[in-house]
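Accompanying notes for the structure given below.
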Amino acid sequence: MGSSAVALEDIPSVDIMTELLRRMKCDSKPDKRLILIGPPGSGKGTQSPIIKDEYCLCHLATGDMLRAAVTAKTPLGIKAKEAMDKGELVSDDLVVGIIDEAMKKPSCQKGFILDGFPRTKVQAEKLDEMLQKQGTKIDKVLNFAIDDAILEERITGRWIHPSSGRTYNTKFAPPKVPGADDVSGEPLIQRKDDTAEVLKSRLEAFHRQTEPVIDYYSKKGVVADLHAEKPPEEVTTEVQKVLSS
1 MGSSAVALED IPSVDIMTEL LRRMKCDSKP DKRLILIGPP GSGKGTQSPI IKDEYCLCHL
61 ATGDMLRAAV TAKTPLGIKA KEAMDKGELV SDDLVVGIID EAMKKPSCQK GFILDGFPRT
121 KVQAEKLDEM LQKQGTKIDK VLNFAIDDAI LEERITGRWI HPSSGRTYNT KFAPPKVPGA
181 DDVSGEPLIQ RKDDTAEVLK SRLEAFHRQT EPVIDYYSKK GVVADLHAEK PPEEVTTEVQ
241 KVLSS
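In the UniProt record's numbering, the protein residues as written are 1 to 245.
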């Protein structure tokens with residue numbers, strides 16, 4: 001055994017019991033293979049950890065998986081690094097291969113949440129081909145539908161306290177004193193990406209690339225449109241209704 005291995009008797013009983021209870025709870029959950037689609041600021045990042053814990057799924061973010069495959073020097077990771085070093089985009093086939101590898105991990109036994117992929121119809125088709133070979137398919141595509149104007153209010157009104165990460169919004173959660181952190185009184189900053197110009201170009205790219213993906217899955221009858229402009233708790237309730245039906 002490696003030096004990093006921990007003897008079972010050294011693990012606190014409460015941790016073992018917690019993990020056993022989690023596994024027992026997970027055994028009774030139905031398998032789910034989900035895709036989350038939505039523009040920046042639509043709330044995917046808030047909902048995905050809740051869905052992951054509730055249904056015992058693994059969260060597959062393609063950027064993180066690519067980096068992990070490159071670091072682990074897997075055969076696909078080596079190929080991906082070669083492409084990146086040349087300044088090329090990693091091919092769709094490589095990304096699907098890396099997803100295929102990641103899905104074999106024990107944490108993905110009950111299914112997965114895919115976030116940030118597929119971004120195009122071709123990627124969706126390649127993903128479906130790979131899943132078909134495994135005898136599975138996508139169960140639901142959660143579409144975080146939200147009006148661009150609401151997103152602009154959400155994102156361009158966002159101000160951050162750099163050292164603590166506390167976030168404010170001039171409209172929805174303003175600081176007590178404009179431009180100052182409630183706790184320290186230090187000045188707030190706005191991220192370079194949180195401007196109307198940057199958001200406009202990101203939204204244009206999202207609509208151009210991703211709307212064909214939503215159409216593709218709509219024809220398969222697996223898309224559920226969420227009202228992503230609602231408060232997070234209400235969106236969570238909507239997600240639970242969709243996934244329990």
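Ideal Cβ positions, reconstructed from N, Cα and C, are used throughout, including at glycine.
**Prompt:** Using the beta-carbon count (16 or more within 10 Å), is Q132 buried or exposed?
**Reply:** The residue given as residue 132 occupies position 132 in the sequence shown. By the 10 Å Cβ count, Q132 comes out exposed.
**Boundaries (first-last residue) of the beta strand (DSSP E) holding I35** = Sequence index remark: in the sequence shown, residue 35 carries index 35 (1-based). Note, I35: beta strand (DSSP E), K32 to I37.
**Prompt:** Between the C-alpha atoms of H227 and G111, what's the straight-line distance to the nearest angstrom?
**Reply:** Walking along the sequence shown from the start, residue 227 turns up at place 227. Walking along the sequence shown from the start, residue 111 turns up at place 111. Taking the straight line from one Cα to the other gives about 24 Å.
**Request:** List the whole-angstrom C-beta distance separating L34 from D139, where the pair is believed to meet the contact cut-off of C-beta under 8 Å.
**Result:** On the sequence shown, position 34 is the one that residue 34 refers to. On the sequence shown, position 139 is the one that residue 139 refers to. With 8 Å as the limit, L34 and D139 qualify as a contact, their Cβ atoms being about 6 Å apart.
**Message:** Using 8 Å for Cβ pairs, my map puts G121 next to V213. What's the rounded Cβ distance?
**Reply:** Stepping through the sequence shown from its first residue, residue 121 is reached at position 121. Stepping through the sequence shown from its first residue, residue 213 is reached at position 213. Sequence inspection shows Lys at residue 121; the Gly mentioned does not correspond to that position. Indeed, because the Cβ distance is near 6 Å, the residues count as touching under 8 Å.
**Message:** I'd like to know whether the C-beta atoms of L60 and K32 end up nearer to each other than 8 Å.
**Reply:** One-based indexing of the sequence shown puts residue 60 at position 60. One-based indexing of the sequence shown puts residue 32 at position 32. Cβ distance not < 8 Å, so L60 and K32 don't count as in contact.
**Message:** To the nearest angstrom, how far is the alpha carbon of Y216 from that of D115?
**Reply:** Position 216 of the sequence shown, counted from the start, is the residue given in the question as residue 216. Position 115 of the sequence shown, counted from the start, is the residue given in the question as residue 115. Each residue's Cα considered, the two are about 17 Å apart.
**Prompt:** Excluding the five sequence neighbours on either side, which residues of its own chain have a C-beta within less than 6 Å of the C-beta of Y55, listed in chain order?
**Reply:** As a first step, residue 55 must be located in the sequence shown, where it is residue number 55. If we look at Y55 and ignore the five residues flanking it on each side, its Cβ neighbours are K29 and K32.
**Item:** Same chain only: Cβ atoms within 6 Å of R202, ignoring 5 sequence neighbours per side
**Value:** One-based indexing of the sequence shown puts residue 202 at position 202. Excluding residues within five positions, the ones whose Cβ falls inside 6 Å are P40.
**Request:** Grab me the residues of R67's own chain with a C-beta within less than 7 Å of its C-beta, minus the 5 sequence neighbours each way, in chain order.
**Result:** Working through the sequence shown from its first residue, we reach residue 67 at position 67. If we look at R67 and ignore the five residues flanking it on each side, it has no Cβ neighbours.
**Request:** Using DSSP bridges, identify the partner residues of H227.
**Result:** Locating residue 227 in the sequence shown gives position 227, counting from the first residue. DSSP lists A145 as partners of H227.
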